[in-house]
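Colleague: So that we are looking at the same thing, I have put the structure below in structure tokens.
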Amino acid sequence: MNPKHHNPTRKRRDRRGNEFWAHAPYNFVPLPEKVVTVDPDKIPGHDVYTGYTGYIDCTLETRSPLYTRCALDPDFFARWADNIREMMKDDAAREQYAQFFHLDDAEQPVIPGSSLRGMVRALVEIAGYGKMQWVTNEPLVFRAVGDRTSLGDYYRRRLMKEDRARYFTPLVQAGYMLKQGSYWFIQPAKTIGGTTFARIHYDLIPNKESLAKWRGCKNAYLLWVRLGDYNYQPVRGGFLHLKYTPVLEARPEATPGFQEGVLACSGKMKKKQREIVVFPPDESAALIPVSDDLVRAYRNQITKEQRQLLGDEGVLNPGQPVFYLMENDQLVFFGHTMLFRLPYQRSPLDLVPEKLRRIDSVDLAEAMFGFVPQEKNDRRQARAGRVFFTNACLEPNQTGVWLSQVTPEILSGPKPTTFQHYLTQQEPDEVDSGKRDRKGNPKMELRLDHYASPPPHETTIRGHKIYWHQGPIKLDDVRERDRVDWSTDTQHTAIRPVKAGVTFRFRIYFENLRDFELGALLWALTLPGDPGKDYCHSLGMGKPLGMGAVKITPTLYLSNRAERYTQLFAGSDWRLGEEKPSDTQAFVRSFEDFVLSKMDAQERKQAQSLKEVERIKMLL
215 MNPKHHNPTR KRRDRRGNEF WAHAPYNFVP LPEKVVTVDP DKIPGHDVYT GYTGYIDCTL
275 ETRSPLYTRC ALDPDFFARW ADNIREMMKD DAAREQYAQF FHLDDAEQPV IPGSSLRGMV
335 RALVEIAGYG KMQWVTNEPL VFRAVGDRTS LGDYYRRRLM KEDRARYFTP LVQAGYMLKQ
395 GSYWFIQPAK TIGGTTFARI HYDLIPNKES LAKWRGCKNA YLLWVRLGDY NYQPVRGGFL
455 HLKYTPVLEA RPEATPGFQE GVLACSGKMK KKQREIVVFP PDESAALIPV SDDLVRAYRN
515 QITKEQRQLL GDEGVLNPGQ PVFYLMENDQ LVFFGHTMLF RLPYQRSPLD LVPEKLRRID
575 SVDLAEAMFG FVPQEKNDRR QARAGRVFFT NACLEPNQTG VWLSQVTPEI LSGPKPTTFQ
635 HYLTQQEPDE VDSGKRDRKG NPKMELRLDH YASPPPHETT IRGHKIYWHQ GPIKLDDVRE
695 RDRVDWSTDT QHTAIRPVKA GVTFRFRIYF ENLRDFELGA LLWALTLPGD PGKDYCHSLG
755 MGKPLGMGAV KITPTLYLSN RAERYTQLFA GSDWRLGEEK PSDTQAFVRS FEDFVLSKMD
815 AQERKQAQSL KEVERIKMLL
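For what it's worth, my numbering labels the leading residue of the sequence shown as 215, then goes sequentially.
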């Protein structure tokens, strides 16, 4: 059985001792115990008349404000694509950027068929017990300096060696970035007295105006220092001891008895008292290659603050002082501070059980929507889909469909690094660690599972992320309450949503679907749950704020192609061979029976319909 997630049963405490509950605007549909697969040799092709062919007319009604951003036209893209933040300072450009998706007329909103297709396919993957394959294989990076959870312990063990109780030696080394052609390397710094860098108190740093910049680096300066001994030095009031070389005196010019060094400023922080002085490059040391994967992972984690301090490329600047960690003669990662972010040893994809992501199997969503092999060892033959979506266009004769342009609360992207939410947790509550703090009080700790969790806990990703619906909301529920200064802001955006109660219409064409496949499509469109309850879909931006709730009403039409092509005319009209079946629920039952018969028996229990299965209850 997959690990099951447990929510906290007690409030947590922040650093000041205040109790709180953690809340999120989303939930997860858990991973299935077993993937329901189909025989790839029995998937109908496109060159036969078999199964069911026809279309589904769908009426879509917005139940909360809806917004899908328009693609940028070529001229707008050419001017602003490389500098979106500058564009946001321009009132006219910001207004154009806020437009809803449309084709010719900006006053006629359109919902892209690709968005509708993606939404329906995701639901077929969930309800059809499909594979969990669209998960990144890129390792995430993290930094947990003062973290009291098991992750903090893990982070400190990677970067520090505990020589004895509360006596630590840093494992990181210092050097300089070097580029040869298109490849990056790290040039180690000289080792002096057993270390490659020293620490200098702010009070000892000469006026920076008197210091020469180091090789054009924004945060690095050349200076000369008199060094103390490489030994354990008290930190945090003597509660801990850290082994390093202290700087006893510093000067802006070469001085007898002083060592040349490079002051690498990482920015002031509360309670921070020292910066790092990196020793000169060691020209005799072997260069350390930085793989393309590590360069890509580093670029992905560059923050706004790092760009301000170092430049847009962070430390990827020739001559830039850098800290790095080696394990088993291999470069682990690097950064501009001694306590830099580290990549987890496992990626999110590694935390999906292998049985749920086998590339040699075909699930129901792949059979219906088609697939193309994504990996070199995927030997399956690509298949075209048999389901096709039109755009959803505004129903005629509707007026007053727009809300005014608004700046919503900050809409940041998903944060899979928030392992407390994204991974299953076995012990979510604080426990007594058996240790005491400096005041003699019991030390509490959190034994949370993360992307490098060791046994005894096994963890997986939580599953499919679904946002909660929040009922009727107004524009003020979405609007940023604080004044936004576009001249300096880097996170807000502008949108022009349509109102709740606006109606769109779209059509889904399908060819050669089997009864259970057509049932899967209808199930995803109707979300058949408990009688009397109204179930909505989610589309577009702003889902964490309650936006994007839509109600879809489908009408099925089947086409008898043998009848259609037997005769050209039916009276004065074309013979279409179309019919509107009286019992569409028969297809839904076929789909549910198909899934229930193939899913894990322990997960199914006594369920006679999907809405009775605990996992599907969490979707509905």
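Ideal Cβ positions, reconstructed from N, Cα and C, are used throughout, including at glycine.
Taking the alpha-carbon of F603 as reference, which of M333, D592 and D574 has the nearest alpha-carbon?
Modeller: Out of M333, D592 and D574, M333 has the C-alpha closest to the C-alpha of F603.
Colleague: Between L539, D506 and M540, which has its C-alpha nearest L530's C-alpha?
Modeller: Selected option, being the one with the closest Cα: D506.
Colleague: So which of K812, Q816 and R803 has the shortest CA-CA distance to K825?
Modeller: It is R803.
Colleague: Would L317 be called buried (16 or more neighbouring beta carbons within 10 Å of its own) or exposed?
Modeller: Label assigned to L317: exposed.
Colleague: In terms of residue numbering, what span does the beta strand (DSSP E) encompassing N241 cover?
Modeller: Residues Y240 to P244.
Colleague: Of the residues H635, G715 and E806, which one's Cα is nearest the Cα of G743?
Modeller: It is E806.
Colleague: Scan the stretch 281–335 and note each continuous alpha helix (DSSP H) run of 4 residues or more that stays entirely inside, going in chain order.
Modeller: Within the stretch 281–335, the complete alpha helix (DSSP H) runs of at least 4 residues are 288–294, 298–302 and 305–311.
Colleague: Got a sec? Which residues, its chain only, sit under 8 Å from T223 by beta carbon, not counting five neighbours each side?
Modeller: So the list reads P642 and D643, once near-sequence residues are dropped.
Colleague: Return the residue from the list E817, T621, P567 and A666 that minimises the CA-CA distance to D696.
Modeller: Closest by alpha carbon: T621.
Colleague: Please list the segments of the alpha helix (DSSP H) lying wholly inside the stretch 671–746, counting only runs of 4 or more residues, in order along the chain.
Modeller: Correct list: 689–692 and 729–740.
Colleague: Rounded to whole angstroms, what's the CA-CA distance from V716 to L753? Just pull it up for me.
Modeller: In a straight line, the C-alpha of V716 is about 14 Å away from that of L753.
Colleague: What is the residue span of the alpha helix (DSSP H) that F547 lies within?
Modeller: It is not in any alpha helix (DSSP H) - F547 instead sits in the beta strand (DSSP E) that spans Q544 to G549.
Colleague: Excluding the 5 residues preceding and the 5 following K765 in the sequence, name in chain order all residues of the same chain whose CB lies nearer than 6 Å to its CB.
Modeller: Excluding residues within five positions, the ones whose Cβ falls inside 6 Å are E275, R277 and C750.
Colleague: Just confirm the distance between the C-beta atoms of Y416 and Q520, as a whole number of angstroms; I'd bet it's less than 8 Å.
Modeller: Contact doesn't hold; Cβ gap of about 21 Å is too wide.
Colleague: Can you tell which of G733, P768, Q816 and M755 has the C-alpha that lies nearest to the C-alpha of A341?
Modeller: Out of G733, P768, Q816 and M755, G733 has the C-alpha closest to the C-alpha of A341.
Colleague: Since P460 and R413 are thought to touch, with beta carbons under 8 Å apart, how far apart are those beta carbons, to the nearest angstrom?
Modeller: Confirmed, Cβ separation roughly 6 Å.
Colleague: Give the secondary structure of K657 by DSSP, where H, G and I count as helix, E and B as strand, and everything else as coil.
Modeller: In this structure, K657 counts as strand in the three-state DSSP scheme.
Colleague: Comparing alpha-carbon positions, which option in L508, T707 and E376 lies nearest Y446?
Modeller: Measuring from the Cα of Y446, the nearest candidate turns out to be E376.
Colleague: Going by C-alpha distance, which of M540, D646, F242 and F234 is nearest G389?
Modeller: For the residues M540, D646, F242 and F234, the minimum Cα distance to G389 belongs to M540.
Colleague: Out of curiosity, what's the CA-to-CA distance linking S561 and D543?
Modeller: The alpha-carbon atoms of S561 and D543 are separated by roughly 22 Å.
Colleague: Of the residues Y665, F315, F548 and G481, which one's Cα is nearest the Cα of M755?
Modeller: When each option's Cα is compared against that of M755, the closest is F315.
Colleague: Where G408 and S424 are concerned, what is the direct C-alpha to C-alpha distance, given to the nearest angstrom?
Modeller: The straight-line gap from Cα to Cα measures roughly 30 Å.
Colleague: Find out if the Cβ-Cβ distance for the pair N726, T264 is shorter than 8 Å.
Modeller: Going by C-beta atoms, N726 is nearer than 8 Å to T264.
Colleague: Sort A238, R661, I400 and D729 by Cα distance to S498 and report the nearest one.
Modeller: When only C-alpha atoms are compared, the closest one is I400.
Colleague: Going by CA-CA distance only, name the one from T613, E568 and L354 that's closest to L508.
Modeller: The candidate whose alpha carbon is nearest that of L508 is L354.
Colleague: Taking the alpha-carbon of S396 as reference, which of V439, V504, A426 and S647 has the nearest alpha-carbon?
Modeller: Nearest option by C-alpha distance: V504.
Colleague: Starting from the C-beta of K422, find all residues in its chain whose C-beta is less than 7 Å away, skip the five residues before and the five after it, and write them out in chain order.
Modeller: Answer for K422: Y435, listed in chain order.
Colleague: So, are the CB atoms of P239 and K713 less than 8 Å apart?
Modeller: The answer is no: Cβ separation not under 8 Å.
Colleague: Identify every residue that forms a DSSP beta bridge with I830.
Modeller: I830 is not bridged to any residue.
Colleague: What is the residue span of the alpha helix (DSSP H) that Q347 lies within?
Modeller: Careful: Q347 lies outside any alpha helix (DSSP H) and carries neither H nor E.
Colleague: Under a three-way DSSP split, which group does F340 fall into?
Modeller: For the sequence presented, residue 340 should be read as Ile rather than Phe. DSSP places I340 in helix when its eight states are reduced to three.
Colleague: What's the C-alpha gap between P711 and L617?
Modeller: Computed Cα separation, rounded: 6 Å.
Colleague: Sorted by chain position, which residues of the same chain lie with C-beta nearer than 6 Å to P656's C-beta, five sequence neighbours on each side aside?
Modeller: Here the set comprises D646.
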